[in-house]
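Take the sequence shown: its letter number 402 is residue 402 in full-length UniProt numbering, and every next letter is one higher.
We put the beta carbon where it would ideally sit given N, CA and C, even for glycine.
Small disclaimer: the values here were computed from a predicted structure and weren't measured.
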Amino acid sequence: MDFIVTDFAKRLEKIVLNPEIFRSLSRGVERETLRYRKDGSLATTPHPTELGSAYANNWITTDFSESLLEFITPVSSEIDTLTQQLEDIHHFTQSKLGEERMWPLSMPCYINHQDDIHLAQYGSSNAGKMKTLYREGLKRRYGSLMQIISGVHFNFSFPDAFWDALYGVQSDNKRAESRSEAYFGLIRNYYRFGWLIPFFFGASPALCSSFIKDQETDLPFENIGQTLYLPYATSLRMSDLGYTNSAQSSLKIGFNSLNEYLDGLNTAIRTPSDKFADIGVKVDGEYRQLNSNVLQIENELYAPIRPKRVTKNGEKPSEALSRGGVEYIEVRALDVNPYSPIGIDQDQIRFLDLFLTWCALSDSEPMDFCEQECWRENWDKVITSGRQIGLQLQIGCQGEVLSLQDWSHRVLDELCQIGRYMDDAHGGKAYQAVCNKLRSWIDNPELTISGRLLADTKQFGGLGKVGCEFGQRYSERHANHDFKIYSRDTMEQEVLRSREAQLSVEQSDTLNFDDFLQDYFAYLSR
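Encoded structure:
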């Protein structure tokens, strides 16, 4: 594969004619964090009622477990607004936690036993019970520990003016088609070069030994007391021990077009699994999983990036994509940043602005499954050994290799070109400053987040001690925060609204749960 992106400069020239494009990028963040006790152990209390309904609260919900909080921001085009919204949500949440705190790391705090991990509950409605049953299926398929690893999801989209600059003014249908095609080009380049994200921002080079006490692993861990680590690892969350799932590695889901992606996804949803069939679906009157297919539902697909569209009421994600094409993308490769009280900082957001724009403007040839595997191997190398100077990464399937340092500098050269225009649009030098800082990290990987965290882990004497120290600092900071975007009254009103919304859904159910599931999955037989 030729690294030189022949049309990148031409496409960039079209975009920069309208600086408003760079001021209109849309972003949203979903941040996960475990509730924990002061001693560093997992909180086993239910989701606090003072935070409203986890089923319906627009800003504060739960993910897999009752103890795994998830904070969701609205879409914003201002980075300051986005981070201030997150700060407000953290402040309000901390005020309702009593003595509990929010764990500042991706890898979990001390877990005495998997039974301490209680599945998230969403009320008595059919839809709420289905959400919990889906998690029961995840627990039985993969175990609970993998499901309580925390991450940050970054939702991103370009304004219509971006597409108009690239393709000219188009009809709505043609723009949707062009936009989907371009987003899949972005996704392919993300798979090719997205290992930069765990290299720069991976924050899980170590884990608590309680996390893998029941697992076998060939990874050559070293230890600091009860903490296990790899000397050059960046993001064990993204390894087969964590967020990714080796059981799905055989899925053939392509990214060359929307139709190819949907065909692969729909095949996985409809394909029976002998392994999961052994679990059973409904045994002695109790459900164990939604079904025994390779994927229970679309959300079970583990991926470092997803094409997305806002769904209508009752619509499945793939149905939304089929209806209107790709509307935005969800970046899922970010570890929780332990050096930010809200799990992500503004420099990371600016890097993602630059990188995702570069992925969209750069040439992106079709990607076959052989090439997919090559790039997956690159990600695996960076995840477990990314801070090793001179690490060799393969270029496609042609056998060519390039060091991580050489490759990263080449990408940064073009990110800096974009950064100058983004700074012109916003005023200041913030984007160029990010490029300069990250360039220094390339040649000195110990400056990366994983390098700093491992050094702190050694200094404090273990991951649990680092987490408790940072967690205490951030707890005090959240408690002393003053609202900037929201207000306490606004947050309390959302608590009340969410409770009423859940009650309304529960009272409107007309089917029993068996019939509800049969209706929901009727599409699988079509």
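Is the beta carbon of residue i less than 8 Å from the beta carbon of residue j?
i	j	result
Arg37	Ile149	no
Leu86	Pro48	no
Gly386	Phe92	no
Ser76	Arg27	yes
Phe521	Asn291	yes
Gly462	Thr227	yes
Leu321	Arg332	no
Pro304	His478	no
Gly325	Arg179	yes
Ser475	Arg101	yes
Gly343	Thr132	no
Gly467	Gly40	yes
Arg31	Val169	no
Leu404	Leu415	no
Gly52	Ser487	no
Ser24	Pro159	yes
Leu186	Ile329	yes
Tyr55	Gln502	yes
Ser106	Ser204	yes
Tyr431	Leu496	no
Ser239	Thr457	no
Asp347	Lys437	yes
Leu334	Ile418	no
Pull up the DSSP beta-bridge partners for residue i, would you.
i	result
Tyr36	Leu42 and Arg101
Asp335	Gly151
Glu222	Tyr229
Tyr167	For Tyr167, which the question treats as bridged, DSSP gives no partner whatsoever.
Val29	Phe154
Ser468	Position check: residue 468 holds Cys in this sequence, whereas Ser was assumed. According to DSSP, Cys468 bridges with nothing at all.
Glu70	Glu32 and Thr61
Tyr328	Lys308
Ser204	Ser235
Tyr110	Ser41
Leu119	Ser65
Ser125	Ser125 is not bridged to any residue.
Ser76	Arg27
Gln394	Val401
Please go through the same chain and pick out, in chain order, the residues whose beta-carbon is closer than 8 Å to the beta-carbon of residue i, but skip the five residues on each side of it.
i	result
Glu99	Arg37 and Lys38
His409	Arg439 and Ile442
Gly471	Tyr36, Arg101, Met102, Trp103 and Pro104
Gly264	Leu251, Lys252, Ile253 and Gly254
Pro317	Glu298, Asn299, Lys308, Arg309 and Thr311
Ala176	Gly324 and Gly325
Leu524	Ile269, Arg270, Asn291 and Asn293
Grab me the residues of residue i's own chain with a C-beta within less than 7 Å of its C-beta, minus the 5 sequence neighbours each way, in chain order.
i	result
Met1	Residue placement at Met1 cannot be trusted, given a pLDDT of 38 that sits under 50; the coordinates are not used to answer.
Asp424	Pro19
Trp59	Phe71, Ile72, Ile89 and Glu494
Val5	Only weak support is given to the placement of Val5: the predicted model assigns it a pLDDT of 42, under 50, and the value that follows is read from those uncertain coordinates. Cβ neighbours of Val5 beyond the five flanking positions: Ser362 and Asp363.
Pro272	Ser292 and Asn293
Leu352	Phe154, Phe156 and Val331
Asp214	none
Leu295	Ala268, Ile269 and Leu301
Arg140	Ile279, Arg288 and Gln289
Leu393	Asn378, Lys381, Val401, Leu402, Leu404 and Trp407
Ile21	Ile15, Pro159, Ala161, Phe162 and Ala165
Phe221	Leu228, Tyr229 and Leu230
Leu262	Ser318, Leu321 and Ser322
Ala43	Arg35, Tyr36, Arg37, Ser67 and Glu100
Can you name, in chain order, every residue of its own chain whose Cβ lies under 6 Å from the Cβ of residue i, other than the five neighbours on each side?
i	result
Pro445	Arg387 and Gly451
Phe3	Below a pLDDT of 50, predicted positions are generally treated as unreliable, and Phe3, at 42, falls in that range; the measurement from the model is reported next regardless. Excluding positions up to five away in sequence, the list is empty.
Gly428	none
Pro366	Asn256
Gly225	Gly462
Is the stretch 449-463 close to the stretch 227-236, with three or more CB pairs under 8 Å?
-> Yes: the two stretches touch, three or more of their Cβ pairs being nearer than 8 Å.
Secondary structure, beta strand (DSSP E): runs of 3+ residues fully inside the stretch 398-435 = With a minimum length of 3 residues, the continuous beta strand (DSSP E) runs that stay inside the stretch 398-435 are 400-403.
Mind the definition here: the stretch 204-212 touches the stretch 350-364 only if three or more C-beta pairs lie below 8 Å; say whether that holds.
-> Taking a cut-off of 8 Å for Cβ pairs, the stretch 204-212 and the stretch 350-364 do not touch, as fewer than three such pairs fall below it.
If we count Cβ pairs, one from each stretch, closer than 8 Å, do we get three or more for the stretch 118-137 versus the stretch 61-71?
-> At 8 Å Cβ cutoff, the stretches touch.
Secondary structure, beta strand (DSSP E): runs of 3+ residues fully inside the stretch 252-319 = Complete beta strand (DSSP E) runs here, min 3: 305-308.
Write down every uninterrupted run of the beta strand (DSSP E) in the stretch 337-385 whose length is 3 residues or greater and which is fully enclosed by it, in chain order.
-> Listed in chain order, the beta strand (DSSP E) elements of length 3 or more contained wholly in the stretch 337-385 amount to none.
Sufficient close CB pairs (3 or more, under 8 Å) joining the stretch 369-381 to the stretch 105-119 | At 8 Å Cβ cutoff, the stretches do not touch.
Completely contained alpha helix (DSSP H) runs for the stretch 434-505, where each covers 4 or more residues | Counting whole runs of 4 or more residues, the stretch 434-505 contains the alpha helix (DSSP H) stretches 449-460 and 463-479.
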